[in-house]
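Here is the structure we will look at.
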Amino acid sequence: MSEPISIDIWSDIACPWCYIGKRNLEKGLEAVAGDDDAPEVTVTFHSFELSPDTPVDFDGDEIDFLAGHKGMPRDQVEQMLGNVTDVAKNAGLEYRFDLLKHTNTVKAHELLHHAKANGMQHAMEERLMSAYFVEGKHVGRVDDLVELAVEVGLDADGARAALESSQHLQAVRQDQEQARAYGIQGVPFFVIDGQYGISGAQPPSAFENVLRDLWAKRSEGEQNADAAVEEAAN
8 MSEPISIDIW
18 SDIACPWCYI
28 GKRNLEKGLE
38 AVAGDDDAPE
48 VTVTFHSFEL
58 SPDTPVDFDG
68 DEIDFLAGHK
78 GMPRDQVEQM
88 LGNVTDVAKN
98 AGLEYRFDLL
108 KHTNTVKAHE
118 LLHHAKANGM
128 QHAMEERLMS
138 AYFVEGKHVG
148 RVDDLVELAV
158 EVGLDADGAR
168 AALESSQHLQ
178 AVRQDQEQAR
188 AYGIQGVPFF
198 VIDGQYGISG
208 AQPPSAFENV
218 LRDLWAKRSE
228 GEQNADAAVE
238 EAAN
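If you read the sequence shown in our numbering, its first letter stands for residue 8, the second for the next number, and so on.
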């Protein structure tokens, strides 16, 4: 197949469903990879801030934040987080909301763009999400982000310079503008080959079905094109 299938993902580091959706997509991709003539797939992450007004050092835990942000009773928030934790576990993720340090994620998004420019976006995305949801690490401060950048193989000085100068802030804003143009109001949101939009942390089978459908349509189109060329040649 001449052109790879593109998957563009809008997500936020602080979105629990985004990490679950990422893992489910990976499982879906793994399932179709064994198909005959499986196409190449390219995945690109794009920035989306769910709560851009959050301070870097939020004074409180995740329950405090959600109770204040959503106006929900604390016991209802605890139940909701318990449900999310169960869903995450089914996806192979061990969420620790009791350790989570809520923060502003704009610098984390800038780091993702820095990693993308250095061919390490996927590793950086995984490292940030694991650090935030599983390990209880801070992902809003420059010093902490530089440490995480080094862990995936990025140069410490380069990462620090990019973050302190807001080198990639414009790229973050461009992603957000594109999300508005698409009408994306929540994440995760997946745009597959510029044709299919998938909203939310869908199960792996949803990604399998869309990819196989797209793949079949592409193959049919290529076969029809080849037949037309052959007919014209005769």
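Cβ coordinates follow ideal geometry from the N, Cα and C atoms, glycine included.
Under a 10 Å Cβ-count criterion, residue 29 is classified as buried, with 16 or more other Cβ atoms of the shown protein chains found around its own Cβ. When the beta-carbon positions are compared, residue 113 and residue 62 stay at least 8 Å from each other. In this structure, the CA atom of residue 96 is about 7 Å from the CA atom of residue 102.
Residue pairing of residue 70 in beta bridges, as defined by DSSP: absent, with no partner found. If you look at residue 189, you'll find it in the alpha helix (DSSP H) that goes 176-189.
By the beta-carbon neighbour count (other beta carbons within 10 angstroms, threshold 16), residue 11 is exposed. Your pair residue 109 and residue 72 checks out as a contact, with CB atoms roughly 5 Å apart and the cut at 8 Å. For residue 15, the uninterrupted beta strand (DSSP E) run begins and ends at 12-18, by DSSP. Pairing residue 127 with residue 161 gives a Cβ-Cβ distance under 8 Å.
Membership of residue 35 in the alpha helix (DSSP H) is indicated by the continuous run 23-40.
Burial of residue 147 is indicated by the presence of at least 16 other C-beta atoms within 10 angstroms of its C-beta. Excluding the 5 residues flanking it on each side, residue 53 has same chain C-beta neighbours closer than 8 Å at 15, 16, 17, 18, 182, 185, 186, in chain order. Per the Cβ contact rule, the segment 212-225 is not in contact with the segment 78-96 (fewer than 3 Cβ pairs under 8 Å). For secondary structure counted as the alpha helix (DSSP H) over 4 or more consecutive residues, the segment 125-152 holds these complete runs in sequence order: 128-140. For residue 80 and residue 22, the gap between their C-alpha atoms comes out near 20 Å. Distances from the alpha-carbon of residue 179 to those of 170, 214, 120, 206 put 120 closest. If you draw a straight line from the Cα of residue 201 to the Cα of residue 211, it comes to about 19 Å.
Taking the CA atoms as reference points, residue 156 sits about 22 Å from residue 27. When DSSP states are grouped into helix, strand and coil, residue 109 belongs to the coil group. Under the DSSP definition of a beta bridge, residue 53 partners with 17. When secondary structure is reduced to three states using DSSP, residue 204 falls in the strand class. In this structure, residue 31 places its C-beta atom within 8 Å of the C-beta atom of residue 98.
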